[in-house]
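Residue numbers (the UniProt record's numbering), protein chains in the order written: chain A, 1 to 204; chain B, 1 to 204.
Written as structure tokens, this is what we have:
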């Protein structure tokens, strides 16, 4: 995919009246001593009214004879003007569970059909800065299933995603290598890699 | 610490002219096909002019005879109106390296004096939503050092942080337990826990 075409052209202040997807809020709160304080925060406007989470991340593992591989994707992200190495992910639609959203997004973005094995607690992406959050859904992909032989993503017209997979055991080194090639690393991918690294280092 | 006092009182739209810490931007970009598109993004106003990262996270390990323990902290976060389980972290000051910021913040927030063992690639917290990022700095804390016998945090007047540590090997179960007690889980902590869990599950 010719990601090299993608690039930032300009950045300008976004005024409240024009913003459709995100917003800034001014929060008034009492701190642990009961003192009144304020805080500035960013929020999505798209969180389902019925739900408490914005999205899901999908930790999808290909069970290969050579060892488990993690499904990753490359996607240009305008906020950071870079192609980012990420887990498959997406926003939760009104009325969907985290698991339903995860299997739907996995199929749309990668073409793979998976089975859910575990769901994480709600995780907050940057809780000093914004309220965005997700659940990570763990999915196993059986490569012997006919529908997983030649997975066909069903992307929207404005989505450009390249799917790849890397050995789970070497994720930290893969992240360092991706960065040296000019890719950005999503924090979920990087922190997963760190967890695997320290489990190996400390023989956990 | 009486975190139970802390709570959100109100939330209202924040207008551009009043915002001091964060901002919204409207981005114009070309996608992978060369088509002109726009995107909405949130940013911090505090990123050092000389640097490319907002902050650092600190993966600090206490080398205990019973096994390695991870330093965590509890902090009320107004954006999510909850007490969040996080790694020590902080913004980078003008002219500081990631490692200098990490050792300074660790000392201020926890009182511990550490030694850096590893620095992560730059990680992006939520690259479809904002440009905030960090490097994770891995720090080892030698509990035999006199200054680590009775660590004394040096918090600012408006900082309320409780420091704790949990066994690294059981971090996933600890996260589930914290959530069941009403705490929120920061994504770096949760993803680290996932990495350790899958390393154990897949014997990586």
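C-beta: ideal position from N, C-alpha, C; glycine also. Nothing here was measured: the structure is a model prediction, and the numbers come from that model.
Hey, residue i and residue j are a contact pair by Cβ (cut 8 Å); roughly how many whole angstroms apart?
| i | j | result |
| --- | --- | --- |
| residue 124 of chain B | residue 184 of chain A | 6 Å |
| residue 22 of chain B | residue 42 of chain A | 6 Å |
| residue 115 of chain B | residue 137 of chain B | That belief does not hold up - the Cβ atoms of residue 115 of chain B and residue 137 of chain B are roughly 11 Å apart, past 8 Å. |
| residue 199 of chain B | residue 200 of chain A | 6 Å |
| residue 128 of chain A | residue 79 of chain B | 7 Å |
Excluding five sequence neighbours on each side, which residues of the same chain lie with their C-beta closer than 6 Å to the C-beta of residue i?
| i | result |
| --- | --- |
| residue 108 of chain A | 154 |
| residue 194 of chain A | none |
| residue 101 of chain A | 56, 92 |
Under DSSP, the beta strand (DSSP E) around residue i begins and ends at which residues?
| i | result |
| --- | --- |
| residue 162 of chain A | 162 to 167 |
| residue 39 of chain B | 36 to 44 |
| residue 202 of chain B | Looking at the DSSP string, residue 202 of chain B is not in any beta strand (DSSP E), and its letter there is neither H nor E. |
| residue 119 of chain B | 115 to 124 |
| residue 55 of chain B | 55 to 64 |
| residue 73 of chain A | 69 to 77 |
| residue 92 of chain B | No beta strand (DSSP E) holds residue 92 of chain B; DSSP gives it neither H nor E. |
| residue 149 of chain A | Counting along the chain, residue 149 of chain A falls outside any beta strand (DSSP E), and DSSP gives it neither H nor E. |
| residue 80 of chain A | Note, residue 80 of chain A: premise wrong, no beta strand (DSSP E); not H, not E. |
| residue 12 of chain B | 7 to 13 |
| residue 132 of chain B | Unbroken run through residue 132 of chain B: none, as it is neither H nor E. |
| residue 186 of chain A | 184 to 186 |
Apart from the five residues just before and just after residue i, which ones in its own chain have a Cβ nearer than 8 Å to its Cβ?
| i | result |
| --- | --- |
| residue 168 of chain B | 61, 67, 68, 69, 70, 196 |
| residue 36 of chain B | 28, 29, 30 |
| residue 122 of chain A | 52, 53, 133, 134, 135 |
| residue 46 of chain A | 21, 54, 91 |
| residue 145 of chain A | 113 |
| residue 175 of chain B | 85, 185, 189, 190, 193 |
| residue 7 of chain B | 81 |
| residue 166 of chain B | 69, 70, 72, 174 |
| residue 64 of chain B | 143 |
| residue 49 of chain A | 94 |
Take residue i and list the residues in its own chain whose beta-carbon comes closer than 7 Å to its own, dropping the five residues that flank it on each side.
| i | result |
| --- | --- |
| residue 88 of chain B | 58, 60, 71, 73, 105, 106, 109, 110 |
| residue 148 of chain A | 112, 113, 141, 142 |
| residue 152 of chain B | 111 |
Residue range of the alpha helix (DSSP H) that residue i falls in?
| i | result |
| --- | --- |
| residue 205 of chain B | Past the boundaries of the shown model lies residue 205 of chain B; chain B is included only from 1 to 204, so the question cannot be answered. |
| residue 107 of chain A | 98 to 110 |
Problem set entry | the stretch 156 to 172 of chain A contacting the stretch 65 to 81 of chain A, beta-carbon criterion three pairs below 8 Å | Contact check between the stretch 156 to 172 of chain A and the stretch 65 to 81 of chain A: three or more CB pairs, one atom from each, fall below 8 Å, which counts as touching.
Problem set entry | Touch test, the stretch 58 to 65 of chain A against the stretch 21 to 37 of chain A, Cβ-Cβ under 8 Å, three pairs minimum | Too few Cβ pairs lie closer than 8 Å, so no.
Exercise. Are the stretch 91 to 104 of chain B and the stretch 91 to 109 of chain A touching by the rule of at least three beta carbon pairs closer than 8 Å?
Worked result: no
For this session: For the stretch 23 to 40 of chain B, enumerate the residues whose C-beta is nearer than 9 Å to any C-beta of chain A, in chain order.
Result: Correct list: 23, 24, 25, 26, 27, 28, 29, 30, 31, 32, 33, 34, 35, 36, 37, 38, 39, 40.
Exercise. Which residues, in order along the stretch 168 to 193 of chain A, keep a beta-carbon less than 7 Å from a beta-carbon of chain B?
Worked result: 168, 169, 175, 176, 179, 184, 185, 186, 187, 188, 190, 191, 192, 193
For this session: Pull out every residue of the stretch 128 to 161 of chain A whose Cβ sits closer than 9 Å to any Cβ of chain B, in chain order.
Result: Of all residues in the stretch 128 to 161 of chain A, only 128, 129, 130, 131, 132, 133, 134, 136, 138, 158, 160 place a beta-carbon less than 9 Å from a beta-carbon of chain B.
For this session: Below 8 Å between beta carbons is the criterion; list the residues of the stretch 9 to 21 of chain A that meet it against any residue of chain B, in chain order.
Result: 9, 10, 11, 12, 13, 14, 15, 16, 18, 19, 20, 21
Exercise. Residues in the stretch 53 to 83 of chain A with C-beta within 7 Å of chain B's C-beta atoms, listed in sequence order?
Worked result: 59, 68, 76, 77, 78, 79, 80
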